Structure formats: structure tokens, C-alpha cells
Amino acid sequence: MTAGGTHGLRSEVCRDGAEFGRLGERWTSLYGRCSTATPFQSHSWLHSWWLSYGRPGALRVVLVRREDGELVAAAPLMRAWRPLPVLSQLGGTITDFTDVLLDDACPEAAPLLARALAEVARGAVIDLREVRPGAAAERIHACWRGPRRRLADSLCLELPAVPMDVLLERIPTGKAQQRVRAKLRKLDALGIDERVVTGEEVPAALERLLTLHQRQWLGRRVTVEHTSDRFAQHLARAVRPMVERGDAMVTEFRLAGDVVAADLTLMSPRLAGGYLYGADPVLRARKIDVATLLLRHGARQTSESGRVTLSLLRGNEPYKRHWRPESVPNQRLMMSRRSTAPLLWLLAGAAGARRWAARQARERAWVGRVVGRVRGRTNGGGG
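Just so you know, our numbering puts 397 at position 66 of the sequence shown, and the rest follows in order with no gaps.
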């Protein structure tokens with residue numbers, strides 16, 4: 332579909348995966364002109380994700396071009412029909428931040444992309460998950476002319492991009508700081524070498540990373556998708572070109588010549604975030620704090636590169652809270668035409684109910700842990 336626009340711009344919809352693949356060069360140019368973009372909006376990440384996870388006939392990539400073909404806006408979407416008809420963003424659950432792309436120098440792109448999305452959304456709700464505050468998608472939501480909703484989505488934690496010595500000052504007590512310094516001294520004494528791999532080394536390094544990741548979580552709860560073949564194939568396609576363009580970094584940590592840990596960090600001009608890591612269980616057996624090892628490396632790389640934010644990405648794990656990070660909740664932006672407003676209210680209501688149920692479950696689990704600790708202390712004191 333191609334539609335006329337204003338200011339010499341036109342919109343169209345890409346429904347073909349091969350055509351989406353051929354957009355790489357122009358997409359990458361637009362990505363570089365969208366200051367809010369994260370690596371999850373790079374063409375390498377999204378096209379590779381589509382090859383691994385896409386469904387035939389579902390692709391709906393909405394584009395806005397100048398007369399010369401240059402892209403000034405892009406919304407990478409796919410259509411789903413169950414349980415309700417929606418247009419959701421490419422990237423799925425393995426993507427921490429989703430967004431559209433808007434050329435910073437083209438203010439006309441946002442309203443035209445919004446109108447093009449309204450045409451594509453006939454009979455469906457646009458459901459944009461995991462939108463980071465300040466994302467370009469907020470501009471689409473702001474100028475949307477039909478029903479819309481904004482809900483909370485996953486919680487992300489962020490630290491300032493400063494060296495490790497400065498991060499240590501965020502720890503509230505002197506004793507806690509001393510414990511971390513002791514962990515750092517142990518790492519230094521052990522003599523672990525860090526090495527950032529080159530683009531041509533990425534495929535073999537990713538295989539080692541995924542092997543270490545599986546060994547690390549053997550016998551424990553793990554994100555099952557991270558152990559799947561399609562996830563491995565996605566990373567194998569996506570990460571090397573991202574490394575070569577500076578959108579990703581793979582680091583290996585060696586002890587006596589052996590790779591004992593590996594880390595994949597994704598990077599944009601403003602932000603860097605550790606996406607996936609693997610560690611040999613021998614480190615845990617030797618009481619090596621892998622989280623401290625990775626954080627020190629990430630803090631140094633991020634601060635030296637001039638970025639502003641070291642993101643701990645999605646998740647509220649206790650080891651992240653240790654550093655007193657800022658809580659930055661993602662958003663869920665929903666939009667529809669007036670004719671499909673009932674679908675939007677139904678979807679938003681169901682989403683709200685699920686979040687309430689999840690919150691209640693977390694609170695019950697927290698109360699259970701507190702009661703268990705109290706009972707344990709009481710039983711110990713009376714023994």
C-alpha cells in the first residue's frame with residue numbers, strides 16, 4: 332500500500348519479509364537520525380528476529396519516505412489475531428525496549444506516521460509494549476486522533492554511566508562498600524583477563540557464551556527461550572553486524588587461558604545495557620561474584636565511551652537493587668480507531684487485571700518469605 336502525504340512525504344506498508352530485508356541500508360540511515368533509538372530498533376536485530384519468530388502473512392512494517400526514497404519514519408509491526416486482533420511491534424519477549432523510528436530533523440514525520448498507522452489498524456488495536464520513557468512512540472501516541480491508553484509495563488533499572496569507584500559511593504553503608512571492594516580485590520588477584528572480540532570472532536564467541544549460559548543455569552530456573560535453537564540463530568545473524576557498527580559488544584573473560592565468562596552488551600549513543608551473559612560454574616564454586624565482574628566491566632566501558640546511562644534492562648532482581656539504581660518503568664501504549672474502541676478498552680482492562688493479579692501474587696510471596704524468616708528466628712531462639 333502506498334498513500335500520498337504532505338511536505339513531499341508518502342507512506343507505505345511493507346508486508347514481505349524479503350522486502351523488509353532489503354531495507355537494511357535506508358533503515359540504518361534512519362536509525363542513525365533517531366536520537367531515542369536503542370539497539371533493539373536496529374535493522375539487524377529486527378529483521379533477524381522476524382526470520383526466527385515471524386509468522387507468514389503477519390508482517391506490517393509502516394514506512395514514511397521522502398520523494399527520493401529516504402526513510403523518515405518506520406514502525407516495525409506484525410498482526411496477530413488471538414485473543415484479540417492487534418498490531419504489535421517486532422521483537423517479542425526477547426526485546427527489552429520497543430519503539431518506532433522518527434527522523435529528528437523531520438517534524439512532519441510523526442503525524443504522517445500516525446495517520447498511516449490508523450489506516451493499517453482497521454479492525455485492530457495497536458499495542459506497543461515495552462516503550463521506554465522519552466521514546467519516539469510517545470510522539471505518535473500524543474498526536475493520535477482516536478482512542479488511546481497508556482499503561483505501565485515492565486520495570487527497568489538504570490545507573491549513571493560512571494566508573495566503578497563512583498558507583499561504590501551509591502552503596503549506603505561502609506560495611507557493604509567494604510564487601511564489594513573485597514570482591515573486586517579477589518577478582519584482581521585471580522587475574523581474569525577481559526577481551527572484547529572483533530566482528531569476525533563473534534560467531535564462535537556467541538557459541539561459547541550460550542554454552543556457558545546453559546551450564547550456568549543447569550538445574551535452576553532459566554528463561555527457556557534463551558536455550559532454544561531459534562534464539563541462537565537470531566543472535567548469530569543479528570550480533571555480528573551490530574558489533575561491526577558499534578551497536579553491540581561481546582566480551583570474553585579468561586582465566587589461565589580458558590573462557591570462564593562471556594557477556595553481550597547492546598549499545599546506543601546514550602545507553603548501554605548488558606543483555607545476556609554466561610559464566611562457568613567454577614566461578615561460583617570459587618565464590619567469585621560474577622555480577623560484580625560484569626558490572627565493573629560495563630561501568631568502565633560505558634563511562635569511557637561518553638554514554639549517559641548504564642541500563643540493567645528489565646527485571647527487579649535483588650542483586651540489581653544493591654547498587655541503588657533508578658527505577659524506570661516501561662510503558663504500554665495502545666491506540667485504535669473509534670470503530671474499534673471497544674476492543675481497546677477490553678484489551679486495556681484485561682492487561683490491568685493481569686498486572687493487578689501479578690502484583691497480588693508478588694505481595695503474597697513477599698509476606699510468605701517474611702513470615703518464614705520470622706518463624707525461623709523464633710524457632711532458633713527457643714531451641
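The beta carbon of each residue, even a glycine, is placed where N, CA and C say it ideally should be.
Values in this document were obtained by computation on a predicted structure and should not be read as measured data.
In the DSSP output, which residue or residues are listed as bridge partners for residue i?
i, result
"D524", "R585"
"C437", "DSSP lists no partner for C437."
"G605", "T596"
"Q420", "L408"
"D458", "S419, M665"
"C487", "R645, V659"
"L432", "A405"
"A610", "A592"
Given residue i, which residues of its chain have a CB within under 6 Å of its CB, disregarding the five upstream and five downstream residues?
i, result
"V395", "L340, S342, V403, A404, A440, L443, L444"
"M666", "I457, W475, R479"
"L566", "L537"
"E508", "Before going further, note that residue 508 is Gln rather than Glu in the sequence given. Taken in chain order, the residues that qualify are L499, I502."
Excluding the 5 residues flanking residue i on each side, which residues of the same chain have their C-beta closer than 7 Å to its C-beta?
i, result
"A349", "none"
"H338", "E439"
"E525", "T582, F584, H628"
"T466", "For the record, residue 466 in the displayed sequence is Ala; it is not Thr. T367, D430, listed in sequence order."
"V493", "A630, S634"
"L432", "L361, Y362, C365, A368, Q372, A404, A405, A467"
"F351", "C345, H378, W381, L390, V392"
"A682", "L482, R663"
"R601", "R638, V639, T640"
According to the neighbour-count rule (16 or more other Cβ atoms, all chains shown, within 10 Å of its Cβ), is residue i buried or exposed?
i, result
"Y650", "exposed"
"D458", "buried"
"V701", "The pLDDT assigned to V701 is 49, lower than 50, so where the model puts this residue is not dependable, and the model offers no usable value."
"S599", "buried"
"G712", "At G712, the pLDDT of 49 sits below 50, so the modelled position is not reliable; the number obtained from the coordinates is stated separately. When all chains shown are included, G712 counts as exposed."
"A684", "exposed"
"C487", "buried"
"V553", "exposed"
"R655", "exposed"
"P407", "buried"
"S383", "buried"
"P572", "buried"
"R668", "buried"
"A452", "buried"
"T504", "exposed"
"S658", "exposed"
"G577", "exposed"
"V511", "buried"
"E489", "buried"
"A679", "buried"
"A616", "exposed"
"P370", "buried"
"L715", "Residue coverage of the chain in this structure runs from 332 to 714, which leaves residue 715 outside it and unanswerable."
"D434", "buried"
"G282", "Residue 282 falls outside the range modelled here, since the chain spans only 332 to 714, and no answer is possible."
"D347", "exposed"
"D611", "buried"
Assuming the contact rule is C-beta atoms closer than 8 Å, residue i and residue j should be a hit. Round their C-beta distance to whole Å, please.
i, j, result
"D484", "R638", "Wrong, their Cβ atoms sit about 23 Å apart, outside the cutoff."
"A592", "L543", "7 Å"
"A569", "S375", "5 Å"
"A579", "S642", "Not confirmed; about 14 Å, so no contact."
"C345", "V392", "4 Å"
"A447", "A411", "About 19 Å; that fails the 8 Å criterion."
"T671", "G355", "33 Å between Cβ atoms; not a contact."
"R460", "S419", "7 Å"
"D594", "G605", "6 Å"
"T661", "R463", "It should be pointed out that residue 661 corresponds to Asn in this sequence rather than to Thr. Their Cβ separation, rounded to whole angstroms, is 6 Å, which keeps N661 and R463 in contact under 8 Å."
"L607", "H557", "7 Å"
"R645", "D427", "5 Å"
"R357", "E401", "7 Å"
"L540", "G609", "5 Å"
"L626", "I523", "With a Cβ gap of about 14 Å, L626 and I523 do not count as contacting."
Tell me, please, whether the CB atom of residue i is closer than 7 Å to any CB atom in chain B?
i, result
"F428", "Absent from the structure: chain B. Only one protein chain is present."
Near residue i, which residues of its chain fall below 8 Å by C-beta distance, leaving aside the five closest residues on each side in sequence?
i, result
"L677", "L415"
"V528", "A536, V574, V581, T582, E583"
"T424", "E556"
Count the C-beta pairs between the stretch 615-624 and the stretch 556-563 that are closer than 8 Å, then say yes if the count reaches three, no if not.
no
Flag this pair as touching only if the stretch 544-551 and the stretch 494-502 have three or more C-beta atom pairs under 8 Å; answer yes or no.
no
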